[in-house]
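Have a look at the structure below before the remarks.
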Amino acid sequence: LPPCGAAKPRFTLIDFGLATETAGWRGGDWKTKDIGGDCRYWPVSSWKLFMFGYRYLQQDQQVLTEYIHNLDTHSLVLTCVQLLVEACSGQIPERCRALELAWQKYWEDAVRFW
1 LPPCGAAKPR
11 FTLIDFGLAT
21 ETAGWRGGDW
31 KTKDIGGDCR
41 YWPVSSWKLF
51 MFGYRYLQQD
61 QQVLTEYIHN
71 LDTHSLVLTC
81 VQLLVEACSG
91 QIPERCRALE
101 LAWQKYWEDA
111 VRFW
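Residue numbers for the sequence shown follow UniProt numbering, beginning at 1 and rising by one.
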């Protein structure tokens, strides 16, 4: 983000990974499509698919639903939290301190492991 008062804002396209057609994805293409994107933003379901394959995901309906329907939502929420925490200037309000600490812990682990 540009500093406040900057002449022109800059915009960036965020691509969370693999682009695919919705109908095919929901019809089962998710079983054979490669996993893409920045793994620091992956949900647990992506890691389970990566490690154990699609049959493992099919054993847990909640994890399967997350993978099929909420991949971008998960990544977008992490990006929003990152923006809230890292774009703040000055002292973080006390009510937001827990979010900042949680983000710092998450990001330390994400960059250390991946």
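Beta carbons are placed, not taken as given, at the ideal position from N, Cα and C, and that holds for glycine.
For Tyr106, report the span of its alpha helix (DSSP H) as first-last.
Arg97 to Phe113
If you compare alpha carbons, which of Ser45, Leu57 and Gly27 is closest to residue 146?
Here the chain covers residues 1 to 114 and nothing more, so residue 146 does not appear.
When the Cα atoms are used, what is the spatial distance from Arg112 to Ala19?
27 Å
Leaving out five residues on either side along the sequence, give the residues of the same chain with a beta carbon under 6 Å from the beta carbon of Ala110.
Arg40
Return the CA-CA distance between Val77 and Trp25, expressed in angstroms with no decimal places.
22 Å
So, is Leu49 buried or exposed, given that buried needs 16 or more other C-beta atoms within 10 angstroms?
buried
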